[in-house]
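Input: a single structure, listed below in structure tokens.
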Amino acid sequence: MTRAARALAALTCTGLLAGLLGACGDDLNTDTSPVEVEVGEAFSWNSFAVEEGWELNPVERSAGADEVTTPEVKGTITNRSEEERAAIFEMVFSADGSPVATLSCSAAKMVEDQSQQLVCPGLSATMPEDYDAVVVQELRRDTTPS
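Throughout the sequence shown, residue numbering follows mature numbering (1 follows the signal peptide of the UniProt record, and there is no 0), covering -18 to -1, 1 to 128 in sequence.
Next up, the structure:
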């Protein structure tokens, strides 16, 4: 195999060309670009795989004298990367293109093929009553001065 052929094969299997060629077997998403998902359906993002059956549930919380219903996502996530790492991302629920709830998701460090519980508490969000899209994306931190 020539050096150029080896380089092309390596690029293909690292995912840089996999989307175009589909030559590396499974459909695991190694990209960190936002991906639209359906509640309860299996999905992959950034070499993490979330199993089918994840749930969005309302959680009643007390905020002083008021009761607030916040969203919470729970499921099982697996690290499909060779690298040991923690899962950190956000889920954005939106209606007509406008965000209605954003949940920060995390799971502790995992080695390759290790699974853990995924928890996405929506502590600063209210339970979305109406939404038409759910997007998984990199966690965005507000860096504007307060």
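For each residue, glycine too, the CB sits at the ideal point set by N, CA and C.
C-beta contact flag for residue i and residue j at 8 angstroms
i	j	result
I70	S97	no
P110	A83	yes
L85	G104	yes
According to DSSP, residues forming a beta bridge with residue i
i	result
S97	T60
M73	L85, V118
E42	T51
V19	V116
P110	According to DSSP, P110 bridges with nothing at all.
W27	F30
CA-to-CA distance, residue j to residue i, given in whole angstroms
i	j	result
residue 139	A24	Absent from the model: residue 139. The displayed extent of the chain is -18 to 128, so no value can be given.
Y113	S76	5 angstroms
S26	T12	8 angstroms
R(-16)	E64	Reliability of the predicted coordinates at R(-16) is poor, the pLDDT of 42 falling under 50, and the value obtained from them is presented with this limitation in mind. Their Cα atoms are separated by approximately 25 angstroms.
E18	R123	20 angstroms
D95	A115	29 angstroms
G4	G79	A caution first: G4 carries a pLDDT of 37, below 50, which makes its placement in the model too unreliable to give a value.
T14	Q119	7 angstroms
S44	V74	23 angstroms
P16	L38	19 angstroms
E42	G57	19 angstroms
From the options, residue whose alpha carbon lies closest to that of residue i
i	options	result
E66	L100, G22, R122, A90	A90
E20	D95, E34, S29	E34
V32	V117, G22, N39, G46	G22
C87	E94, E72, P81, S80	E72
C102	A45, W36, G46, V55	V55
A107	T52, G79, R123	T52
F30	D78, N61, R43	N61
W36	L100, A68, S15	L100
P81	M92, V117, G57	V117
A68	M92, N28, E42	M92
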